[in-house]
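So the structure is just underneath, and the comments pick up after that.
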Amino acid sequence: MSDRQDQQRPATDDGGTAAPWSAEPVRRTDGQRWEASVESWSPEPTTTDAGQRPSWEVPQQPTDGPAAGSPAEPTAETAAPTPPEPAPSRSSPAPPATPSRPTGQPNRDPQTPPAPYGPGPQDGRPVPPSLTSLTLLRPQDDVPRTGWRRFVHKATGGAYNPGLSQAEVDHRALVARVTTPVRGSNRIAVVSLKGGIGKTTTTSCLGLTLAHHRGDRVVAVDANPDAGTLAERLTDVTVVTVRDLLANLGSIRSFTDVSAYTSLAGRLQVLASDQDPALSEAFSEEEYTSVADVLARYFNIILTDSGTGLLHSAMSGTLAIADSLVVVGAPSVDGASRASKTLDWLIAHGHEELVSRSVAVISSVRPNTGDVDMQVLRDHFAARCRAVIEMPYDPHLVTGGLIDLERVTPATRQAYLELSAAVADGFALPPLQRTPVAQA
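In this note's numbering, the protein residues as written are 43 to 482.
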């Protein structure tokens, strides 16, 4: 064999030197074989000072005794004996087994809390963002709709936006309150002990404002037993009345059927009372309840213009199912005292919670002379009602004709918007709990 072949052989067990390069198959000491198709490199064997290979490079082979050439057993002078490891106790419990995760579940660290929403990360992938208008659309500034700010925004083609004025911010906040969602159907009764102080006007303008700003169905019912004028103030249509609806209650199957007995003022449906006083007296508590039940199936908000006084039969039915109350008074001694007595009567007849949820309206049907201390009047009703709204004198409304909100003054429109917001705040209250009246 040539010297070159001798140099290409691997190291032997007797400590011989192996060539660093080999171009032929090499037999490994562990009995396995690997082949090199090209010249492969193997590191130079590390030797000790005595010319022997370290123990970690010497292949371990099972033998009955010490291998030839192995170092002698260490003596007490050279090394201390290593104490044997204690055998595991038979009584010691085995370590708890790691529970296997169910099939199809992500391999999540038990210390890591789950994601607050969404599917959560799986296999290290992040949760994709939700596809909503908040994430997909770029935020846009509010555009002014009134005043010089709107003019500047239009003149610059939208390049400059001066923002909203404080008045417009307040207006939008009121509209947001007006559009408070309604759970089911909500019945609102408008009452007063004194006539001629704007009860029907308040019902009309409140209904028009609610219907204008809301997207659901609103109806105003004239429950006045004395030939009420609600329809005359809103639509001037009294051909069909609540009496016709009562005669055909069994045929009402849809909104189309019930709307055949109402007239339309803007987006407000109006159900007129009978104009014959002799027949309207017969509008009893049971009949009003029947009409209200039918309307509640198709309308979200039901406004009832009650008759003057509290003792007639229709008023009993109105108060028995009302969810909220609007009490109308006037900025005068007799008008304010009648409104306060109305609250006293309601409390005495078991409607204490209804009074606490009521909204007081101080309606000016004539110009203010300044003789009445309005602050005392506001404080009195604020202590008894949920809100107090003042209605300024308006020349268009006091004429008694058809009501057109475009013709009322801006101050009056603002006051009715505030009234609508105060009434709509009651839509978020829990259901009314009435106290039964003790029988004498």
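For every residue, glycine included, the Cβ atom is placed at its ideal position computed from N, Cα and C.
Since we're looking at a predicted model, the values are computed, not measured.
- In the structure shown, residue 360 adopts helical secondary structure according to DSSP, grouped into three states.
- In the three-state reduction of the DSSP assignment, residue 343 falls in the strand class, which pools E and B.
- According to the DSSP assignment, residue 183 belongs to no beta strand (DSSP E), since it is labelled neither H nor E.
- With 16 or more neighbouring CB atoms inside 10 Å of its own CB, residue 231 falls in the buried class.
- Just so you know, the alpha carbons of residue 272 and residue 172 end up roughly 50 Å apart.
- The C-alpha of residue 298 is placed about 44 Å away from the C-alpha of residue 379.
- Residue 347 places its beta carbon 9 Å or farther from that of residue 229.
- Contact between residue 283 and residue 345 is ruled out by a C-beta separation of about 17 Å, above the 8 Å threshold.
- Here the alpha carbon of residue 406 sits roughly 8 Å from the alpha carbon of residue 432.
- Its chain contains 261, 311, 312, 313 as the residues whose beta carbon lies nearer than 7 Å to that of residue 304, once the 5 sequence neighbours on both sides are disregarded; these appear in chain order.
- Taking a C-beta distance under 9 Å as the contact criterion, residue 424 and residue 390 do not qualify as a contact pair.
- Bounds of any alpha helix (DSSP H) do not take in residue 432; it lies within the beta strand (DSSP E) bounded by 429-433.
- It is roughly 8 Å from the alpha-carbon of residue 268 to the alpha-carbon of residue 318.
- Shown here, residue 239 sits in coil according to DSSP, grouped into three states, outside any helix or strand.
- For residue 454, the number of other beta carbons within 10 angstroms of its own is at least 16, and it is reported as buried.
- Sorting 381, 384, 375, 263 by C-alpha distance to the C-alpha of residue 330 places 263 at the top.
- Taking C-beta atoms as the reference points, residue 360 and residue 234 fail to come closer than 9 Å.
- Burial of residue 356 is indicated by the presence of at least 16 other C-beta atoms within 10 angstroms of its C-beta.
- Beta-bridge partners of residue 232 (DSSP): 347, 368.
- Contact between the stretch 204-215 and the stretch 410-419 is not established, with fewer than three Cβ pairs separated by less than 8 Å.
- Taking each of 469, 461, 376 in turn and checking the Cα distance to residue 248, the smallest one comes out for 461.
- At a Cβ-Cβ threshold of 9 Å, residue 316 and residue 285 count as neighbours.
- By the beta-carbon neighbour count (other beta carbons within 10 angstroms, threshold 16), residue 196 is exposed.
- Within its own chain, the residues whose Cβ lies closer than 7 Å to the Cβ of residue 457, once the five positions on either side in sequence are excluded, are 431, 432, 433, 434, listed in chain order.
- As a beta-bridge residue in DSSP terms, residue 306 pairs with 311.
- Sequence-distant partners of residue 397 (beyond 5 residues in either direction) whose C-beta falls short of 6 Å from its own C-beta, in its chain, are 385, 388, 389.
- The continuous beta strand (DSSP E) containing residue 402 extends over residues 401-405.
- The residue from 203, 392, 404 with its alpha-carbon nearest to that of residue 429 is 404.
- The residue from 464, 327, 281, 199 with its alpha-carbon nearest to that of residue 219 is 464.
- For residue 328, the number of other beta carbons within 10 angstroms of its own is below 16, and it is reported as exposed.
- DSSP links residue 264 through a beta bridge to 347.
- Going by beta carbons, residue 471 and residue 250 fall outside the 9 Å limit.
- For residue 458, the enclosing alpha helix (DSSP H) covers residues 452-467.
- Secondary structure note for residue 425: it is in no alpha helix (DSSP H), with a DSSP letter that is neither H nor E.
- The residues 183, 195, in chain order, have a CB closer than 6 Å to that of residue 203 in the same chain once the five nearest residues on each side in sequence are set aside.
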